[in-house]
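To start, the structure itself, in structure tokens.
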Ligand SMILES: *Cc1c(COP(=O)(O)O)cnc(C)c1O
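In this note's numbering, the protein residues as written are 425 to 810.
The following block contains the structure:
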């Protein structure tokens, strides 16, 4: 195993509650106070400025220490959204004239950022089929400065093997950046597998309650300082209340994700045996193409799964309208179970044929498993499938 596990003072379930927090004096509040102030009194003549946009105010600083501890990173920065995190995280690494290699299986917003915005800024991006042998090495240029991947992948739940790509980035001395939103640090910690930078949409599992938009970048302290400079000028800093809510959501990350892992496994096994379902995509199933990689690298298979209805688009329309408990909504990683269809969300800009080529035929349903009883979720899916 290439894995290098750092020594943790406490288990992750404890760290989500306490890492980076030292409030033990009599009279200290048990819950972090919300400091909803943009400005702070300074020592006259000092340039030591605390300001919300600088990402250094109390609620941001506390959650940054905590998330850095969860990922085993030297430092972390919270930003206003996952997109803000990806943009600032990559702009801190890349200059005009640089080249970025990115997996072709990435979030739709990230795809747009890389192929439209970055190209306009003179940063060249090549999208790579990461499951092809030697894919990364063959697309390298002397200007290549970083590799960007997302794993597990939306919506097919493919799991990228970190081994080859991390050996390559180490050999070349370039950065390996991983969007780990789908896994959360409970199931996967990329830095233990050779990544240099970890990005999250905190909107998803880290907060987990469908009520905060946020993002995180984790890495070395000097790199995070570069990201902070981007955050400051591009104005990508979250409000203190968003940070406070994120801290509150994070406290239950370990119990939420473990429960979601268990429920998703049960639901995937059940779906796989249904005659209405042609195929179920879940890394915890032996039938999944990356099951062996997932067993090797992940601590849990996650709360995201997908399935293809034999009846195609018409069956999907009927299924979606019949759901009573599970709701039809984009987004993922929260306490409520949600279904969505890539043909209307992440992959809406593509033709049906192009989607089918990517393994996302019409009738493909994505399921983000929430915290409802797994039996109740299956009962609702069953009455909608029948
Ligand atoms: C949602 C998502 C993003 C973007 O996050 P926002 O918080 O919506 O800006 C980036 N990457 C992945 C994998 C996502 O699921």
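Quick reminder that beta carbons are idealized off the backbone N, C-alpha and C, glycines included.
Remember, predicted model here, so these are calculated numbers, not experimental data.
Beta-bridge partners of residue i, as assigned by DSSP
i, result
"residue 731", "704, 789"
"residue 764", "790"
"residue 574", "603"
"residue 548", "523"
"residue 821", "Summary: the structure shown does not reach residue 821, with the chain confined to residues 425 through 810, and so no result is reported for it."
"residue 499", "643"
"residue 568", "523"
"residue 751", "762"
C-alpha distance - residue i paired with residue j, whole-angstrom precision
i, j, result
"residue 715", "residue 726", "12 Å"
"residue 533", "residue 755", "13 Å"
"residue 689", "residue 510", "30 Å"
"residue 786", "residue 537", "26 Å"
"residue 655", "residue 501", "9 Å"
"residue 556", "residue 465", "56 Å"
"residue 711", "residue 693", "10 Å"
"residue 809", "residue 670", "36 Å"
"residue 749", "residue 668", "29 Å"
"residue 426", "residue 650", "A caution first: residue 426 carries a pLDDT of 44, below 50, which makes its placement in the model unreliable, though a value can still be read off. Cα to Cα, residue 426 sits roughly 28 Å from residue 650."
"residue 545", "residue 520", "6 Å"
"residue 442", "residue 746", "43 Å"
"residue 513", "residue 682", "28 Å"
"residue 677", "residue 610", "8 Å"
"residue 767", "residue 535", "16 Å"
"residue 646", "residue 499", "9 Å"
"residue 570", "residue 751", "38 Å"
"residue 583", "residue 804", "28 Å"
"residue 518", "residue 547", "7 Å"
"residue 489", "residue 736", "47 Å"
"residue 559", "residue 723", "26 Å"
"residue 720", "residue 475", "43 Å"
"residue 531", "residue 658", "21 Å"
"residue 732", "residue 701", "6 Å"
"residue 493", "residue 613", "11 Å"
"residue 437", "residue 632", "15 Å"
"residue 639", "residue 449", "32 Å"
Endpoints, beta strand (DSSP E) assigned at residue i
i, result
"residue 624", "621 to 625"
"residue 641", "639 to 643"
Continuous alpha helix (DSSP H) stretch holding residue i: start and end
i, result
"residue 595", "586 to 596"
"residue 806", "798 to 809"
"residue 743", "736 to 746"
"residue 610", "608 to 611"
"residue 535", "532 to 536"
"residue 580", "Counting along the chain, residue 580 falls outside any alpha helix (DSSP H), and DSSP gives it neither H nor E."
"residue 507", "506 to 515"
"residue 563", "559 to 563"
"residue 780", "776 to 781"
"residue 438", "436 to 442"
Just list the beta strand (DSSP E) runs in the stretch 653 to 732, keeping only unbroken ones of 3 residues or longer that don't cross its boundaries, in chain order. 701 to 705
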